[in-house]
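Number of protein chains: 2
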Amino acid sequence: MEFWLNEKHTDGYSVNWKFTETLYTGQTEYQHLAIIDTLEFGRALVLDGIIQTTERDEFIYHEMIVHPALMTHPNPQRVLVVGGGDGGTVREVIKYQTVQQADLVEIDEKVIWACRKYLPGISCALSDPKVRILVEDGIKFLKKKENDYDVIIIDSSDPIGPAAGLFGEEFYRDVCKALKEDGILVAQTESPLFNKELLRSVNKILSGIFPVTRTYLTSIATYIGGFWSFTLASKKYDPLLAELDIAKINGMNLKYYNNDIHKACFALPNYIKDLFK
Amino acid sequence: MEFWLNEKHTDGYSVNWKFTETLYTGQTEYQHLAIIDTLEFGRALVLDGIIQTTERDEFIYHEMIVHPALMTHPNPQRVLVVGGGDGGTVREVIKYQTVQQADLVEIDEKVIWACRKYLPGISCALSDPKVRILVEDGIKFLKKKENDYDVIIIDSSDPIGPAAGLFGEEFYRDVCKALKEDGILVAQTESPLFNKELLRSVNKILSGIFPVTRTYLTSIATYIGGFWSFTLASKKYDPLLAELDIAKINGMNLKYYNNDIHKACFALPNYIKDLFK
Chain A
13 MEFWLNEKHT DGYSVNWKFT ETLYTGQTEY QHLAIIDTLE FGRALVLDGI
63 IQTTERDEFI YHEMIVHPAL MTHPNPQRVL VVGGGDGGTV REVIKYQTVQ
113 QADLVEIDEK VIWACRKYLP GISCALSDPK VRILVEDGIK FLKKKENDYD
163 VIIIDSSDPI GPAAGLFGEE FYRDVCKALK EDGILVAQTE SPLFNKELLR
213 SVNKILSGIF PVTRTYLTSI ATYIGGFWSF TLASKKYDPL LAELDIAKIN
263 GMNLKYYNND IHKACFALPN YIKDLFK
Chain B
13 MEFWLNEKHT DGYSVNWKFT ETLYTGQTEY QHLAIIDTLE FGRALVLDGI
63 IQTTERDEFI YHEMIVHPAL MTHPNPQRVL VVGGGDGGTV REVIKYQTVQ
113 QADLVEIDEK VIWACRKYLP GISCALSDPK VRILVEDGIK FLKKKENDYD
163 VIIIDSSDPI GPAAGLFGEE FYRDVCKALK EDGILVAQTE SPLFNKELLR
213 SVNKILSGIF PVTRTYLTSI ATYIGGFWSF TLASKKYDPL LAELDIAKIN
263 GMNLKYYNND IHKACFALPN YIKDLFK
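Protein sequence lines, in the order shown, are assigned to chains A and B.
Take 13 as the starting number for the first sequence in the numbering used here and just add one per residue.
Take 13 as the starting number for the second sequence in the numbering used here and just add one per residue.
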């Protein structure tokens with residue numbers, strides 16, 4: 013007997029992952045949640061039938077959502093992560109000695125519970141004293157904040173279900189307000205191939221709010237098409253002009269991000285440049 | 013009724029592509045060949061059950077296998093493509109005014125026939141007077157050649173079936189011999205995630221033969237995991253030191269490759285750098 017997860021990405025494209033065990037499966041208040049052991053990518057968190065993170069390639073996503081922004085900011089002390097209940101993003105954030113507090117605002121407590129229990133390598137930092145966990149709606153949380161954070165990271169799931177409100181102009185204006193005067197926002201902005209319109213829309217909205225907006229790219233095999241975008245928006249610092257502290261990068265013993273990758277990830281192919289014209 | 017191609021990549025990972033029509037399917041002397049119209053990626057060439065190229069994203073692979081090498085060589089006149097019977101690679105090669113002859117050595121005549129008939133946007137250059145088509149085994153062809161080509165491009169399918177011999181040391185030594193004294197080789201070298209050992213092996217072999225060896229990366233959604241590697245080996249010119257002629261790049265109206273991508277594609281994540289240590 014064989015178990016396969018069939019990820020239905022579009023009407024014409026789906027991916028099958030063989031798995032050996034289901035550690036947890038259930039409906040939360042917001043979504044369907046499963047933890048499975050896949051043959052190819054190790055243990056995986058699956059929300060509404062789509063793989064969110066796996067033991068084997070989570071380092072790529074989590075390093076790339078964090079380090080370009082945190083290395084660009086000269087002195088990140090207060091960092092907010094919206095979403096990211098698996099803990100992988102805050103794990104990268106607290107690698108910076110300057111960071112005094114990392115707030116994690118996750119709407120679905122059950123995601124935090126399941127990742128703490130079944131994915132300790134990803135969720136390990138959730139118990140760090142610098143990390144404050146707030147189980148609430150990130151949209152409402154940000155409305156109350158002003159001039160508070162150095163870096164805000166939007167580590168959301170796809171723009172359906174609980175994350176739908178995290179890709180609109182009103183939300184980004186609230187993020188801008190919650191950032192200090194030299195703050196940086198970074199958001200995961202989906203597949204540049206399968207979700208072009210969303211990427212174009214986010215880039216356009218952020219360009220209208222922030223003086224510096226830069227989309228960057230990476231390859232993540234477990235996401236649709238294996239190609240993923242992030243968009244960084246900044247009130248003052250430009251990641252392309254940042255003087256990177258190479259000793260600091262090397263000291264973190266990362267598996268993906270390095271000085272060359274920092275510069276390279278912002279290089280856009282012509283067809284993606286054309287999206288933003 | 014629905015038609016789906018199920019690409020079996022590994023024991024634990026497969027991808028499903030919905031298709032609307034089968035234009036051709038049959039066994040050639042070397043492999044099974046099909047041409048199908050997929051819902052997501054347009055018309056596709058499928059060899060032994062694996063998608064080789066699609067109308068929607070072929071530009072990424074074909075631009076990236078050609079332009080880093082052809083832009084690095086200051087005066088490419090004679091170019092050899094081994095494999096690449098779909099014609100996409102020679103289409104990019106003959107965009108260079110310096111190129112006087114592009115030889116295409118494809119073992120399977122039926123691939124050329126099917127792509128000429130069903131994929132004219134990819135195969136269009138096969139009728140160009142600068143292109144000479146030779147239906148024969150690239151391994152044997154190269155044994156006869158010495159000091160003949162400026163650039164040799166190994167545009168092979170996966171290292172099973174007819175392409176298995178195109179990834180070994182003896183073959184690369186023959187390629188080196190067939191290149192002029194300032195010649196450049198570039199080869200597709202598979203997925204850095206799913207075929208790490210092959211990539212490591214090719215990089216090591218080429219580093220032992222050529223003074224300059226550089227692996228580079230790109231995202232191609234229709235290949236396993238969406239992440240692909242190429243390895244360039246050169247007798248004289250280093251692509252990282254090449255002074256790129258930006259007017260020449262812009263004049264080709266490419267959809268992927270540009271000056272920034274040329275530099276960025278050679279930036280390797282730490283886990284891939286570690287492969288080559």
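Think of the CB as a built atom: it goes at the ideal place given N, C-alpha and C, for glycine as much as any other residue.
Counting only C-beta atoms, is residue i closer than 8 Å to chain B at any point?
i                      : result
residue 272 of chain A : yes
To which residues does DSSP link residue i through a beta bridge?
i                      : result
residue 19 of chain B  : B:27
residue 113 of chain B : B:90
residue 241 of chain A : A:229
residue 36 of chain B  : B:47
residue 161 of chain B : B:191
residue 150 of chain B : In the DSSP output, where bridge partners are listed per residue, residue 150 of chain B has none listed.
residue 118 of chain A : A:147
residue 64 of chain B  : Paired residues: none, contrary to the question.
residue 221 of chain B : Residue 221 of chain B is not bridged to any residue.
residue 59 of chain B  : B:45 and B:62
residue 95 of chain B  : B:167
residue 173 of chain A : Answer is none; residue 173 of chain A lacks a bridge partner.
residue 54 of chain B  : B:50
residue 197 of chain B : B:164 and B:245
Residue i touches chain B at which residues, Cβ-Cβ below 7 Å?
i                      : result
residue 52 of chain A  : 22, 24 and 25
residue 57 of chain A  : Going along chain B, no residue has its Cβ under 7 Å from residue 57 of chain A, so there is no contact; the nearest lies around 17 Å.
residue 266 of chain A : 282
residue 208 of chain A : Result: empty, since nearest Cβ-Cβ is about 12 Å, beyond 7 Å.
Does the beta carbon of residue i come closer than 8 Å to any beta carbon on chain A?
i                      : result
residue 239 of chain B : yes
residue 256 of chain B : no
residue 29 of chain B  : yes
Relative to the alpha-carbon of residue i, which residue among the options has its alpha-carbon at the smallest distance?
i                      : options                       : result
residue 4 of chain B   : B:67, B:168 and B:137         : There is simply no residue 4 of chain B to check, as chain B begins at 13 and stops at 289 in what is shown.
residue 224 of chain A : A:48, A:197 and A:235         : A:197
residue 92 of chain B  : B:121, B:173 and B:165        : B:165
residue 66 of chain B  : B:76, B:78 and B:50           : B:50
residue 73 of chain A  : A:109, A:59, A:247 and A:99   : A:99
residue 169 of chain A : A:200, A:160, A:194 and A:153 : A:200
residue 273 of chain B : B:77, B:118 and B:56          : B:77
residue 147 of chain A : A:120, A:96, A:226 and A:202  : A:120
residue 30 of chain B  : B:56, B:23, B:39 and B:41     : B:56
residue 23 of chain B  : A:32, A:19, A:21 and A:23     : A:32
residue 96 of chain A  : A:144, A:263, A:108 and A:85  : A:144
residue 173 of chain B : B:40, B:13 and B:14           : B:40
residue 211 of chain B : B:58, B:89, B:239 and B:194   : B:239
residue 156 of chain A : A:256, A:75, A:117 and A:242  : A:117
residue 71 of chain B  : B:230, B:85 and B:26          : B:230
residue 184 of chain B : B:128, B:247 and B:289        : B:247
residue 149 of chain A : A:83, A:82 and A:175          : A:175
residue 43 of chain B  : B:34, B:58, B:54 and B:159    : B:58
residue 111 of chain B : B:171, B:83, B:124 and B:132  : B:83
residue 16 of chain B  : A:139, A:27, A:216 and A:242  : A:27
Which residues in chain A have a C-beta closer than 8 Å to the C-beta of residue i? List them in chain order.
i                      : result
residue 205 of chain B : 69 and 233
Which chain B residues sit within Cβ distance under 9 Å of residue i?
i                      : result
residue 275 of chain A : 275, 276 and 279
Since residue i and residue j should fall inside the 8 Å C-beta cutoff, what is the C-beta to C-beta distance between them, to a whole number of angstroms?
i                      : j                      : result
residue 282 of chain A : residue 267 of chain B : 5 Å
residue 36 of chain B  : residue 130 of chain B : 6 Å
residue 244 of chain A : residue 80 of chain A  : 6 Å
residue 190 of chain A : residue 161 of chain A : 6 Å
residue 287 of chain B : residue 237 of chain B : 15 Å between Cβ atoms; not a contact.
residue 228 of chain B : residue 277 of chain B : 4 Å
residue 275 of chain A : residue 279 of chain B : 7 Å
residue 232 of chain A : residue 69 of chain A  : 6 Å
residue 122 of chain A : residue 61 of chain A  : Wrong, their Cβ atoms sit about 16 Å apart, outside the cutoff.
residue 134 of chain B : residue 90 of chain B  : That pair is no contact at about 23 Å.
residue 142 of chain A : residue 264 of chain A : The Cβ separation is near 15 Å, so there is no contact.
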